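Counting from 1, one number per residue, gives the positions in the sequence shown under the UniProt record's numbering. Down below is the structure, laid out as structure tokens.
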Amino acid sequence: MNQTIRDYFDAFNAGDTDAMLACLADDVAHHVNEGKIRVGKDAFAEFCAHMTRSYKENLTDMVIFEAESGTRAAAEYIVNGTYLATDPGLPEAHGQTYRLPAGSFFSLKDGKIARVVTYYNLADWIAQVSE
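Dropping the structure here:
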């Protein structure tokens, strides 16, 4: 199993953005589920700050897959979260909880994450926080 990917997810679950950033290449390309590609660690850090304000999440049931070349990896997991503050264009937040299957895909270069792509079902999330 790729240690960089494991460290990245361990840092995510610890809420440690600096440790997540340490796993990334300087020019990381961050492809978010419903948004534009962000390039660079600064853009990634801004995204993390926004997410920390609006959501508290913990990832469980993690399964990590790695290509034999060591340059690609993927992970499947469950996002267990609480919606803390309203995100513009989304339902009003009032501490709703959610449980959502998700996945991430990675490109690795020189031991760092050069690309991260995250997917989840936004309609499922909206339904859960709208109940």
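Even for Gly, the Cβ is constructed at its ideal location relative to N, Cα and C. For clarity, every value in this text was computed on a predicted model and none was experimentally measured.
With respect to the alpha helix (DSSP H) encompassing S130, which residues constitute its N-terminal and C-terminal limits? Residue numbering aside, residue 130 sits at position 130 when the sequence shown is read from its first letter. 122 to 130 is the extent of the alpha helix (DSSP H) around S130.
Collapsed DSSP secondary structure at A22 in the structure displayed: In the sequence shown, residue 22 corresponds to position 22, counting from 1. Reduced to three states, the DSSP call for A22 is helix.
Tell me the DSSP secondary structure of K41 in three-state form. For the purposes of this step, residue 41 is identified with residue 41 of the sequence shown, where counting begins at 1. If DSSP states are grouped into helix, strand and coil, K41 belongs with the helices.
So A75 is in the beta strand (DSSP E); what residue range does that whole segment cover? In the sequence shown, the residue the question calls residue 75 occupies position 75. First-last of the beta strand (DSSP E) with A75: 72 to 83.
Neighbourhood of A93 by C-beta distance below 8 Å, restricted to the same chain and skipping five residues each side: Within the sequence shown, residue 93 is the residue found at index 93, counting from 1. Excluding positions up to five away in sequence, the list reads S54, Y83, L84, A85, T86, D87, V129.
Could you give the DSSP three-state label for E46: helix, strand or coil? By one-based count along the sequence shown, residue 46 stands at place 46. Residue state, collapsed to three classes: helix.
By DSSP, does A67 sit in helix, in strand, or in coil? Here residue 67 refers to the residue found at position 67 of the sequence shown. Of the three classes helix, strand and coil, the one that applies to A67 here is coil, per DSSP.
N13 (DSSP reduced to helix, strand or coil): Position 13 of the sequence shown holds residue 13. When DSSP states are grouped into helix, strand and coil, N13 belongs to the helix group.
Pair every Cβ in the region 29 to 46 with every Cβ in the region 58 to 70, then say whether three or more of these pairs are closer than 8 Å. With the rule of 3 Cβ pairs closer than 8 Å, the region 29 to 46 does not count as touching the region 58 to 70.
With DSSP collapsed to three states, give me the class of D7. Against the sequence shown, residue 7 aligns to sequence position 7. Assignment of D7 by DSSP, reduced to helix, strand and coil, places it in the helix class.
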